[in-house]
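Protein chains: 2
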Amino acid sequence: MRQPTVEDVARIAQVSRQTVSNVLNSPAIVKLATRTRVQAAIAELGYRPNLSARRLRQQKSATLGIRLDPMMNGISGAVLDRFLHALTEQADARGLRILLFTAATPEEEIEQIRRLREAAEVDAFVLTATFHEDPRTEWLIANRIPFVTFGRPWGIDDMTDPQHLWVDVDGRQGVYDATISLLDQGARRVGWLGWPRPSGTGDDRRSGWEDAMRERLGLGEAELRALCTESHDGVPQATAAVVAALVTGRSAALAGNVAKTGASAAVAEAGEGPDDFGLDALVCASDTLALGALIATSSAGLRDLPIIGFDDTPVAAAVGLSSVMQPLDEVAAGALELLLGPTGNTVGVPNLAPNEAHRLIAPRLVKRRSNHLPLSEPSPSLTR
Amino acid sequence: MRQPTVEDVARIAQVSRQTVSNVLNSPAIVKLATRTRVQAAIAELGYRPNLSARRLRQQKSATLGIRLDPMMNGISGAVLDRFLHALTEQADARGLRILLFTAATPEEEIEQIRRLREAAEVDAFVLTATFHEDPRTEWLIANRIPFVTFGRPWGIDDMTDPQHLWVDVDGRQGVYDATISLLDQGARRVGWLGWPRPSGTGDDRRSGWEDAMRERLGLGEAELRALCTESHDGVPQATAAVVAALVTGRSAALAGNVAKTGASAAVAEAGEGPDDFGLDALVCASDTLALGALIATSSAGLRDLPIIGFDDTPVAAAVGLSSVMQPLDEVAAGALELLLGPTGNTVGVPNLAPNEAHRLIAPRLVKRRSNHLPLSEPSPSLTR
DNA sequence: CTGTTAGCGCATTCAC
DNA sequence: GTGAATGCGCTAACAG
Numbered sequence: 311m312r313q314p315t316v317e318d319v320a321r322i323a324q325v326s327r328q329t330v331s332n333v334l335n336s337p338a339i340v341k342l343a344t345r346t347r348v349q350a351a352i353a354e355l356g357y358r359p360n361l362s363a364r365r366l367r368q369q370k371s372a373t374l375g376i377r378l379d380p381m382m383n384g385i386s387g388a389v390l391d392r393f394l395h396a397l398t399e400q401a402d403a404r405g406l407r408i409l410l411f412t413a414a415t416p417e418e419e420i421e422q423i424r425r426l427r428e429a430a431e432v433d434a435f436v437l438t439a440t441f442h443e444d445p446r447t448e449w450l451i452a453n454r455i456p457f458v459t460f461g462r463p464w465g466i467d468d469m470t471d472p473q474h475l476w477v478d479v480d481g482r483q484g485v486y487d488a489t490i491s492l493l494d495q496g497a498r499r500v501g502w503l504g505w506p507r508p509s510g511t512g513d514d515r516r517s518g519w520e521d522a523m524r525e526r527l528g529l530g531e532a533e534l535r536a537l538c539t540e541s542h543d544g545v546p547q548a549t550a551a552v553v554a555a556l557v558t559g560r561s562a563a564l565a566g567n568v569a570k571t572g573a574s575a576a577v578a579e580a581g582e583g584p585d586d587f588g589l590d591a592l593v594c595a596s597d598t599l600a601l602g603a604l605i606a607t608s609s610a611g612l613r614d615l616p617i618i619g620f621d622d623t624p625v626a627a628a629v630g631l632s633s634v635m636q637p638l639d640e641v642a643a644g645a646l647e648l649l650l651g652p653t654g655n656t657v658g659v660p661n662l663a664p665n666e667a668h669r670l671i672a673p674r675l676v677k678r679r680s681n682h683l684p685l686s687e688p689s690p691s692l693t694r
Numbered sequence: 311m312r313q314p315t316v317e318d319v320a321r322i323a324q325v326s327r328q329t330v331s332n333v334l335n336s337p338a339i340v341k342l343a344t345r346t347r348v349q350a351a352i353a354e355l356g357y358r359p360n361l362s363a364r365r366l367r368q369q370k371s372a373t374l375g376i377r378l379d380p381m382m383n384g385i386s387g388a389v390l391d392r393f394l395h396a397l398t399e400q401a402d403a404r405g406l407r408i409l410l411f412t413a414a415t416p417e418e419e420i421e422q423i424r425r426l427r428e429a430a431e432v433d434a435f436v437l438t439a440t441f442h443e444d445p446r447t448e449w450l451i452a453n454r455i456p457f458v459t460f461g462r463p464w465g466i467d468d469m470t471d472p473q474h475l476w477v478d479v480d481g482r483q484g485v486y487d488a489t490i491s492l493l494d495q496g497a498r499r500v501g502w503l504g505w506p507r508p509s510g511t512g513d514d515r516r517s518g519w520e521d522a523m524r525e526r527l528g529l530g531e532a533e534l535r536a537l538c539t540e541s542h543d544g545v546p547q548a549t550a551a552v553v554a555a556l557v558t559g560r561s562a563a564l565a566g567n568v569a570k571t572g573a574s575a576a577v578a579e580a581g582e583g584p585d586d587f588g589l590d591a592l593v594c595a596s597d598t599l600a601l602g603a604l605i606a607t608s609s610a611g612l613r614d615l616p617i618i619g620f621d622d623t624p625v626a627a628a629v630g631l632s633s634v635m636q637p638l639d640e641v642a643a644g645a646l647e648l649l650l651g652p653t654g655n656t657v658g659v660p661n662l663a664p665n666e667a668h669r670l671i672a673p674r675l676v677k678r679r680s681n682h683l684p685l686s687e688p689s690p691s692l693t694r
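If you read the sequences in order, they're chains A and B.
Numbering of the first sequence is given in our numbering, commencing with residue 311 and proceeding in unit increments.
Numbering of the second sequence is given in our numbering, commencing with residue 311 and proceeding in unit increments.
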């Protein structure tokens, strides 16, 4: 059986096709009596507008494209996941669809965007994981393709360029709050475990820790540096880095060397004097790093060292790590608002004032009672 | 500037617009000379067929719908993620697109499917996470909507019904291999940590362990039961369950009780006699469970107990757990093949022989050298 | 307010 | 082989 069309509805409702279309698209201009009659007919037939036809006519796809990362950064992958979910849900509420595509490199992503664009499949794009000198945004602006990024245009002088819409989470603020919370608990030597610089996101997050430590304790550059460790974003890497810090008795950037000589030997030495470890607490740039730190400190007998991660991944919840949560619902909502405008129904090249073209969203610190491996009571189960 | 259309190409190539269409869709029937001329024009103009128009004309969307789970099972969430990526990539290669939607319940999912279907937005659906008495598949079959599931129709008498296309990973085989591998290493008392029954996937996986243990050691029901522990799929839950097993000196289904009384007290007792723990190794139904077990055994001083998880998530890689990997590329490829047929271009209600309507894919055991927390050398970094 | 006319870009008939 | 019609389902313009 064929799907009913406007024509069928019109016949049943005793009106012209066009009136049916009006009832659908601008109900206000149709007289109430006929409108209800048409709506009754629509309900009776179970009519749904054919979106391919509508799109062809309107020259719009009402579809947003988003790239699925090939291998999202390990444990933190769940972030893009949750963002995608929020985005899909909110887009649906606005009558938009989310179309996926994949690409291994930025260049390939640009090529895919071009394809989707030229086939008129996608009206606008949502980009994630912006980075220094990102070629994608430049290209999109040059080609007048509407887009919004989840992530600031790191490294660009003018982050307020209204041509580049962006939404981001205020990592600085989140880490600041986390650090303050530790200081309020009485910790003084609060360390930072971050990514190698330069890293837009990473440096922003670290600045929150720096600000808090300076503000509360009046620390200088040298003191901050002594509390700061760097590692690539992998659990073994982070573990090695923290072990290195344990061994040297301070938190310093010696991780690389120790990592090369073998962290397992290092931890054996560390076992001799864990009390000398110069930290009261640790704030990390990601849950992955935090998990590495947790493993290192637990193994060294430093069970009670408070650790705070970033992203509030399922893993953090599972092992009882406190973490800074990104409100991805708000990010998704913000992205759509910027793209569509508050009115809500025009996907086009935006024309916003500089201060309306961006959203910086405050994250939320999720405190967990045990910040070490969970040997206490089980939490309410995720039944399966 | 407007996108070029067939008309434009036709004008440039000095042919009718129909010929252009033929060059695109059935190149074979066009004379070589004109074909190359048309292709040159296409290249010159950068022409792309408008897919909305094509879809309207063909009454096909060339789009597959897939639901994004609201909260994929914790750590294992990465599985759907990777599947989605593989699916998107392979669908793209076949000229298909993946459209996302969300739904909180099966009923809501059915409603969404209906909507997408009636709006002619989606030709076929890919369902994940099938379960006992799944209402979705029944409805889809009744409404003659093409679909394929990632997961077998658990609980249905006839899993070979050719109306229900499915692809799945042979969990039994994976766990069997894992168990055999442990037995080959010399382990004899290999325990099983699984989900509460009944669970389609879980019971299937457990049967692999049972088969291996029966086959190699001739174990009876009672002996198997004594080596078998159950827990819901959460790290704290699994930890508690394993702790309970440690305390009782055997691996049994007492986890529930001990979990209620508090696992932290239990582990204190366990510390007294970890050597009495009656297991040589442990196989788990998921990485989440394996992580819980790892935490429990590590804390109890049982560092060397081999543990094997399932799913090969980033977390397993991070902490050095061996795990059974699902080849999601193959699953995705299989799903598309079943849906489209080997020919590759007809998305319709399938008409396959029973034995061609399904794919059971063999998983692969990923062995890692340390199956405890990674305090050895860092592995090659995931640079960021 | 309602109905009529005219395409959106394409592919499937058919003629030639 | 190639070209000329026709219509997929819808809505923007206009006419009434």
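Yeah, the Cβ is synthetic: ideal placement off N, Cα and C, and Gly gets one too.
Note that the structure is a prediction, hence the values are computed from the model and not measured.
- Residue-level contact by beta carbon holds for Phe411/B and chain A, with a gap shorter than 9 Å.
- Within the region 403-464 of chain A, the runs of alpha helix (DSSP H) that reach at least 4 residues and sit entirely inside it are, in chain order, 416-428 and 445-452.
- Taking 7 Å as the cut-off between beta carbons, the residues of the region 534-552 of chain B near chain A are His542, Asp543, Gly544, Val545, Pro546, Gln547, Thr549 and Ala550, in sequence order.
- Rounded to whole angstroms, Ala388/A and Asp391/B show a C-alpha spacing of 9 Å.
- Taking the beta carbon of Pro456/A as reference, no residue of chain B falls within 7 Å; the closest one sits roughly 16 Å away.
- For Asn453/A, no chain B residue has a C-beta closer than 9 Å to its own C-beta; the minimum C-beta separation is roughly 11 Å.
- Each of Leu615/A, Ser608/A and Thr598/A was checked against the Cα of Leu592/A, and the nearest Cα belongs to Leu615/A.
- Beta-bridge analysis with DSSP links Arg669/B to Val477/B.
- Per the coordinates, the alpha-carbon of Thr398/B lies some 12 Å from the alpha-carbon of Gly375/A.
- Between the region 483-490 of chain B and the region 443-454 of chain B, the count of C-beta pairs closer than 8 Å stays below three; the two stretches do not touch.
- Per DSSP, Ser633/A lies in no alpha helix (DSSP H); the unbroken beta strand (DSSP E) holding it starts and ends at Ser632 to Met635.
- In this structure, the beta-carbon distance from Ala401/A to Arg377/A does not fall below 9 Å.
- Distance from the Cα of Ala595/B is smallest, within the candidate group Met523/B, Ala627/B, Ala555/B and Asp622/B, for Asp622/B.
- Secondary structure at Thr623/B: coil, using DSSP grouped into helix, strand and coil.
- The beta carbon of Pro314/B lies closer than 6 Å to those of Leu355 and Tyr357 in the same chain, with the five residues before and after it left out.
- DSSP, reduced to helix, strand and coil, places Ala610/B outside both helices and strands of the structure shown, so it counts as coil.
- At the C-beta level, Ala550/A and Ala606/A come within 9 Å of one another.
- Asn360/A is positioned such that its CB atom lies closer than 9 Å to that of Leu366/B.
- Nearest neighbour of Leu537/B by Cα position, chosen from Leu599/B, Val348/B, Leu503/B and Val485/B, turns out to be Leu503/B.
- By the Cβ rule, the region 510-523 of chain A counts as touching the region 475-487 of chain A, because three or more pairs are nearer than 8 Å.
- At a Cβ-Cβ threshold of 9 Å, Thr373/B and Ile423/B do not count as neighbours.
- The C-alpha of Glu419/A lies about 11 Å from the C-alpha of Thr438/A.
- About 6 Å separates the Cβ atoms of Ala430/B and Ser362/A, confirming a contact at the 8 Å cut-off.
- With respect to chain B, the C-beta atom of Ala363/A has a partner C-beta closer than 9 Å.
- The C-beta of Gln636/A comes no closer than 9 Å to any C-beta of chain B.
- Looking at Ala645/B, Val552/B, Glu533/B and Arg404/B, the one whose alpha-carbon comes closest to that of Arg499/B is Glu533/B.
- The Cβ atoms of Leu589/A and Gly619/A do not sit closer than 9 Å to each other.
- In this structure, DSSP gives Arg674/A an extended state, which the three-state scheme calls strand.
- Ser541/A sits away from Pro508/A, with the two beta carbons spaced by 9 Å or more.
- At least one C-beta of chain B is nearer than 9 Å to the C-beta of Gln313/A.
- Residue burial annotation: Asp478/B is buried, with at least 16 other C-beta atoms found within 10 angstroms of its C-beta.
- Setting aside the 5 residues that flank it on each side, Gln547/B is surrounded in the same chain by Ser541, each with a C-beta closer than 6 Å to its C-beta; the list follows chain order.
- Under the DSSP assignment, Gly501/A falls in the beta strand (DSSP E) whose first and last residues are Val500 to Gly504.
- For Val340/B, the secondary structure class from DSSP, reduced to helix, strand or coil, is coil.
- Taking a C-beta cut-off of 7 Å against chain B, the contacting residues of the region 385-409 of chain A are Ile385, Gly387, Ala388, Asp391, Leu394, His395, Thr398, Glu399, Asp402, Arg407, Ile408 and Leu409, listed in chain order.
- DSSP, read as helix, strand or coil, puts Gly375/B in strand.
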